[in-house]
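*Asks:* Residue numbers (our numbering): 8 to 246. Just so you know, even glycine gets a beta-carbon here, dropped at the ideal spot from N, CA and C. These numbers come from a predicted model, not from an experiment. Encoded as structure tokens, here's the structure I'll be asking about.
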Amino acid sequence: MKKFLLVVFALIFSACLYANDKVYKVGISPDYPPFDMLVDDKISGFDAELFDNLAKIAGIKYEFKAMSFDGLIAALKAGKIDAIMSAMSSSEQRKKACDFSNVYYKAKTIYLKHKDSSIATKDDIKGKKVGVQLGTVQEAAVKQVGALVQPNENPVVLVMALNDKKLDALAFDALVAREYLAKYPNLAEFYNEDDGTEGFSIAFSKNENVELREKLNKALEEFIKTSEYEVLLKKYNIN
8 MKKFLLVVFA LIFSACLYAN DKVYKVGISP DYPPFDMLVD DKISGFDAEL
58 FDNLAKIAGI KYEFKAMSFD GLIAALKAGK IDAIMSAMSS SEQRKKACDF
108 SNVYYKAKTI YLKHKDSSIA TKDDIKGKKV GVQLGTVQEA AVKQVGALVQ
158 PNENPVVLVM ALNDKKLDAL AFDALVAREY LAKYPNLAEF YNEDDGTEGF
208 SIAFSKNENV ELREKLNKAL EEFIKTSEYE VLLKKYNIN
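Set out below in structure tokens:
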């Protein structure tokens, strides 16, 4: 009996060690500045720095897995990643496949046009070619208006197409849109609105990684009360 108990204890101890050594795989699409981007071939941006702070508070190890935005949920459901930290809004459609953390950022949508365009309102994009990043909430919003949706996983491709007048308009997250407005003087904002979601959250596969979600929620609650959170918001000009 004593030998049996020692074996059980050893197995439990081994399992605990394994759990402590677990490295969570976190999916991110690093093409959405200032939230997700590559700087000197290293994943950076508000999301990356925020998650790093949360991981430290929660006492977990992680590694980012870069992939296209529209492939993130599929990778999550397939078990290739444990969570998504990529400026993802918790829409009703996504909630069918994912569980979400508490909201860490409330988002808006900005519509862009070429400065030479006569487009003036959201209604004007009906029947027009409007670029959106594939898989975003902006894609659904533009479809509802009756625009000819032009999705692409790379927003830079879309921005360049609008700059060259190959598209009539773009619909992006507000902060991302402003990043490109600063870089492309030929583009102009003509409309903005709430993005129709609760805000950006960390996503997890439905009914899985509950403990991880709870740890990160607790860490988020703690971190947003600190001065470091305010510094991070100011660093990326999203406060």
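Taking K173 as the reference, give the member of H121, K222 and D59 with the closest Cα.
*Replies:* Numbered from its first residue, the sequence shown carries residue 173 at position 166. The shortest Cα separation from K173 among H121, K222 and D59 belongs to H121.
*Asks:* What are the residues that DSSP puts in a beta bridge with F207?
*Replies:* As a position in the sequence shown, residue 207 is number 200, starting the count at 1. According to DSSP, which records beta bridges pairwise, F207 is partnered with S96 and Y112.
*Asks:* Can you name, in chain order, every residue of its own chain whose Cβ lies under 6 Å from the Cβ of F251, other than the five neighbours on each side?
*Replies:* The structure shown has nothing for residue 251, since the chain only spans 8 to 246.
*Asks:* Please report the distance separating the alpha-carbon of T204 from that of D175.
*Replies:* Sequence index remark: in the sequence shown, residue 204 carries index 197 (1-based). Sequence index remark: in the sequence shown, residue 175 carries index 168 (1-based). Each residue's Cα considered, the two are about 25 Å apart.
*Asks:* On the CB-based measure, 16 or more other CB atoms within 10 Å of its CB, does S4 come out buried or exposed?
*Replies:* For the chain, the structure presents residues 8 to 246; residue 4 sits outside this window and is missing.
*Asks:* Could you tell me which uninterrupted beta strand (DSSP E) segments, each at least 3 residues in length, are contained entirely in the segment 36-104, listed from first to last along the chain?
*Replies:* As far as the segment 36-104 is concerned, its whole beta strand (DSSP E) runs of at least 3 residues are 44-46, 49-51, 68-73 and 90-96.
*Asks:* Between the C-alpha atoms of A181 and K68, what's the straight-line distance to the nearest angstrom?
*Replies:* Within the sequence shown, numbered from 1, the residue matching residue 181 stands at position 174. Within the sequence shown, numbered from 1, the residue matching residue 68 stands at position 61. Approximately 31 Å between the Cα atoms of the pair.
*Asks:* What residue ranges within the segment 165-228 form continuous alpha helix (DSSP H) runs of no fewer than 4 residues, ordered along the chain?
*Replies:* The segment 165-228 contains these whole alpha helix (DSSP H) runs: 181-190.
*Asks:* Does the Cβ of S208 have 16 or more other Cβ atoms within 10 Å, making it buried, or fewer, making it exposed?
*Replies:* As a working mapping, residue 208 is identified with position 201 in the sequence shown. That one is buried.
*Asks:* Assuming A154 and I132 form a contact by the criterion Cβ under 8 Å, report the distance between their Cβ atoms to the nearest whole angstrom.
*Replies:* By one-based count along the sequence shown, residue 154 stands at place 147. By one-based count along the sequence shown, residue 132 stands at place 125. At roughly 5 Å, the Cβ-Cβ gap stays under 8 Å, so A154 and I132 are in contact.
*Asks:* Just verifying my parser: in three-state terms, what is the DSSP assignment at D106?
*Replies:* Along the sequence shown, one-based indexing puts residue 106 at 99. In the structure shown, D106 sits in a strand (DSSP, three-state: E or B).
*Asks:* Can you check whether the CB of Y118 is closer than 8 Å to the CB of Y243?
*Replies:* Against the sequence shown, residue 243 aligns to sequence position 236. Against the sequence shown, residue 118 aligns to sequence position 111. No; because the gap between Cβ atoms is not below 8 Å, this pair is not in contact.
*Asks:* Taking only three categories from DSSP, how would you classify K29?
*Replies:* Position 22 of the sequence shown, counted from the start, is the residue given in the question as residue 29. Residue state, collapsed to three classes: coil.
*Asks:* Kindly list the residues whose CB is nearer than 6 Å to the CB of E200, restricted to its own chain and excluding five residues on each side of it in sequence; keep chain order.
*Replies:* Within the sequence shown, residue 200 is the residue found at index 193, counting from 1. T116, listed in sequence order.
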